[in-house]
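Protein chains in written order, with our numbering: chain A, 2 to 348; chain B, 2 to 348. Backbone N, C-alpha and C fix where the C-beta goes; we use that ideal spot for every residue, glycine too. Shown next, in structure tokens, is the structure this report addresses.
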DNA sequence: CAGGTCGTGGACAACGTTGTCCACAAGGAT
DNA sequence: ATCCTTGTGGACAACGTTGTCCACGACCTG
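Written out as structure tokens, the structure reads:
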């Protein structure tokens, strides 16, 4: 970028059907037939056309193609995630890609950062490019604005959270059941003072996990202590802060349920600093890398992001292929993985 | 997907320039002028057109647009990574996205899995969609086949590894210097038997890191012991295996230099199992999540994937904007982060 | 008041492709 | 020998947009 001289504009046009036709001495429509494997071209001509295609390294223009085609398909989909750099989202993305690859479908991706405005912008950008379908991890409170896209033929499937105000398929995990299981698991180790550390209530998954926590306590006859419930932290630093405050407060918990992976990491950081990592039990929702190598290793309710991504992609492609039927919410089960931190007994 | 009834085909065409024109009672060319902010439309008409656009929620067809436009731009780029689920790649992707967003450019991404065939397939898929540029983490031994794309006007920048057989900008890290620094750091703690655990030699970064290891040892007058050099493992499991073999062998090392993040994790897993994590020193190349929460915390030579992604994207957009100048390799420095595992002294 | 300029808006072609239709030659059936 | 089918290949329009050009009326100048 330093030495800007701009001598030669990038020349060299890409070959078109006409260039191939000229070289193979046929009409350009014949080339189109060969490219699309349509019948009605003699083997001799087809071979001539094919060598011309190879020699020129002709590649049909996808834009022109989808413009003219009757179905208008672009063989591309949009993937809207909370943050592509988050390991959960990255696993989902990889699974979606693996599902799209054999179909020749390319994946556009973008990060929403829990920003509703950003969700709308990215949807616009993807629909302007006429993506055949959208895989969405909703950031806004209502997806009703997507109704029009749905009617215009864009398939939509939601991931991780159900769509609201829009009838589409969703793929989510067992948030409530998983959170309840985690809570009961801590209670089974003798804990009565189990804290809840979770995302802000506006996020549906956070809401469901909180409900799971509450219902488990109620089922056990343990009252929910508001002083042990923190809803709000979203990243490692803030979770660390609130966990520290909780643990150094007047009536600290003996166990923590951390309702999201970054919050789990923040809580563990706090426990370490306070030297409590072997005395206070922890169960996290969402597995995370290295959880098994920490000391103590971290007990988690693991989601299966690869399965979620795969299933969501399959549902999307089915819709793109014209499969009808009422939209359904599909639930991928979570699994409790005992590693040590969740089995620390109450003092 | 269970109940396939396919009652209503998704109807509802998307509005076009003509639909907007009809509603605003102007010619469709006038609408085009408004959409593209061209001069020559009276404010009254422009306002009428704009309300029609809003009412119909008109969105110009990106495909048709780039087809007709003189520059042929699609406002999209392709990002070809080793594996989108790898944390290093995920950080790069996020940085690229952040750089592309304000320009209104969308990002296609795909995983190569070190497969040269896959590299070619994805390049084809992206160029068929007429991506304006390609950001590539090379998987194949030679990128000469991209010469034609370059001439056809597709900008290309390589990430993590320099392109071979192709004159393009590259953004890489200080592989050799970083590896040498890691090696010297271990030697400074008194180690003489420092093992090298790295990727297979075909990968340029692995090659450079190995050279850094060798040159550091030579500079210190320590002979390179072939029995302490392992080149090959690429994932956690195989690294665990080779590290275990090395550590339980006849003349085990007292320190390990792990030349890649997955290999570092495998080595640490092995040390844990053998109960050696506080006796054998480890320095890894590439930072990884949780490295600071392990016990002992892991000393690493950290790359800066966000900076690499940002710079690569900036270079790519500069090329897309027509900036000429000879292609350059840009080097983003790595940093040694002392956390404990690398400061364990020799027995 | 004639002539030129300017602001405004529309007609038309083109981008590269696919879908529809038709022309032409070869072959079989009547 | 004539008709019809079949196989083969091309002409043409259309997808939704942008670029070029021109027509029209209003305004200013001489």
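Neighbour flag for residue i against chain B, beta carbons, 7 Å
i, result
"residue 4(A)", "With a pLDDT of 35 at residue 4(A), under the threshold of 50, the modelled position of that residue is not reliable, and the figure given next carries that caveat. Residue 4(A) counts as touching chain B."
"residue 94(A)", "yes"
"residue 272(A)", "no"
"residue 134(A)", "no"
"residue 251(A)", "no"
"residue 318(A)", "no"
"residue 303(A)", "no"
"residue 153(A)", "yes"
Bridge-paired residues (DSSP) for residue i
i, result
"residue 232(B)", "199(B)"
"residue 116(A)", "Residue 116(A) pairs with nothing; no bridge assigned."
"residue 170(A)", "158(A)"
"residue 331(B)", "172(B)"
"residue 259(B)", "198(B), 285(B)"
"residue 136(B)", "80(B), 158(B)"
"residue 109(A)", "79(A), 109(B)"
"residue 300(B)", "284(B)"
"residue 337(A)", "302(A)"
Pick from the options that is closest to residue i, judged by C-alpha positions
i, options, result
"residue 90(B)", "138(B), 103(B), 149(B), 123(B)", "138(B)"
"residue 261(B)", "273(B), 289(B), 272(B)", "289(B)"
"residue 140(B)", "81(B), 188(B), 70(B), 173(B)", "81(B)"
"residue 238(B)", "269(B), 258(B), 250(B), 227(B)", "269(B)"
"residue 121(A)", "58(B), 167(B), 258(B), 198(B)", "58(B)"
"residue 78(B)", "198(B), 323(B), 345(B), 105(B)", "105(B)"
"residue 100(A)", "309(A), 342(A), 343(A), 326(A)", "309(A)"
"residue 15(A)", "155(B), 102(B), 87(B), 116(B)", "155(B)"
"residue 184(A)", "29(A), 337(A), 17(A)", "337(A)"
"residue 73(A)", "328(A), 177(A), 52(A), 134(A)", "134(A)"
"residue 181(B)", "208(B), 170(B), 172(B), 157(B)", "208(B)"
"residue 92(A)", "32(B), 85(B), 98(B), 214(B)", "85(B)"
"residue 95(A)", "345(B), 316(B), 111(B)", "111(B)"
"residue 329(B)", "18(B), 47(B), 75(B), 168(B)", "168(B)"
"residue 256(B)", "263(B), 299(B), 235(B)", "299(B)"
"residue 171(B)", "33(B), 196(B), 312(B)", "312(B)"
"residue 119(B)", "98(B), 107(B), 83(B)", "83(B)"
"residue 277(A)", "146(A), 115(A), 342(A), 264(A)", "342(A)"
"residue 233(A)", "198(A), 254(A), 88(A)", "198(A)"
"residue 319(B)", "43(B), 250(B), 340(B), 136(B)", "136(B)"
Beta carbon proximity, residue i to chain A, threshold 7 Å
i, result
"residue 17(B)", "no"
"residue 290(B)", "yes"
"residue 85(B)", "yes"
"residue 91(B)", "yes"
"residue 294(B)", "yes"
"residue 130(B)", "yes"
"residue 126(B)", "yes"
"residue 1(B)", "Nothing in the structure corresponds to residue 1(B), since chain B is present only between 2 and 348."
"residue 418(B)", "In the structure as shown, chain B begins at 2 and stops at 348. Residue 418(B) is therefore absent and cannot be evaluated."
Check: residue i C-beta below 6 Å from any heavy atom of the ligand SAM
i, result
"residue 105(B)", "Questions concerning the ligand SAM fall outside what the structure shown contains, since it holds no ligand whatsoever."
At least 3 beta-carbon pairs within less than 8 Å: the region 55-67 of chain B vs the region 127-143 of chain A: Contact between the region 55-67 of chain B and the region 127-143 of chain A is present, because at least three Cβ pairs lie under 8 Å.
Inter-stretch contact at 8 Å, needing at least 3 Cβ pairs: the region 201-208 of chain A / the region 216-228 of chain A: Result no; under three Cβ-Cβ pairs closer than 8 Å.
Pairs of beta-carbons, one from the region 299-312 of chain A and one from the region 323-341 of chain A, closer than 8 Å: are there three or more? The region 323-341 of chain A and the region 299-312 of chain A touch, with three or more beta-carbon pairs separated by less than 8 Å.
Please list, in chain order, the residues of the region 94-116 of chain B that have any C-beta partner in chain A closer than 7 Å. Residues passing the 7 Å Cβ filter: 94, 95, 98, 107, 108, 109, 110, 111, 112.
Residues within the region 60-72 of chain A neighbouring chain B, beta-carbon criterion of under 7 Å: Residues of the region 60-72 of chain A with a C-beta atom less than 7 Å from some C-beta of chain B are 60, 61, 62, 63, 64, 65, 67, 68, listed in chain order.
Could you tell me whether the region 48-57 of chain A touches the region 23-34 of chain A, where touching means 3 or more Cβ pairs closer than 8 Å? Flag = yes, the region 48-57 of chain A and the region 23-34 of chain A touch.
Inter-stretch contact at 8 Å, needing at least 3 Cβ pairs: the region 159-175 of chain A / the region 187-196 of chain A: Segments in contact, no.
Given 8 Å, three or more beta-carbon pairs between the region 289-299 of chain A and the region 290-300 of chain B: Taking 8 Å as the limit for Cβ pairs, the verdict is that the region 290-300 of chain B does touch the region 289-299 of chain A.
Cβ contact (3+ pairs, closer than 8 Å) linking the region 264-281 of chain A and the region 241-253 of chain A: These segments touch.
Mind listing which residues of the region 137-152 of chain A have their C-beta closer than 8 Å to chain B's C-betas, in chain order? Cβ contacts with chain B come from 149, 151, 152.
Quick one: which residues of the region 257-286 of chain A get their C-beta closer than 9 Å to a C-beta of chain B? List them in chain order. If you check each beta-carbon in the region 257-286 of chain A against every beta-carbon of chain B, the ones closer than 9 Å belong to 266, 269, 270, 273.
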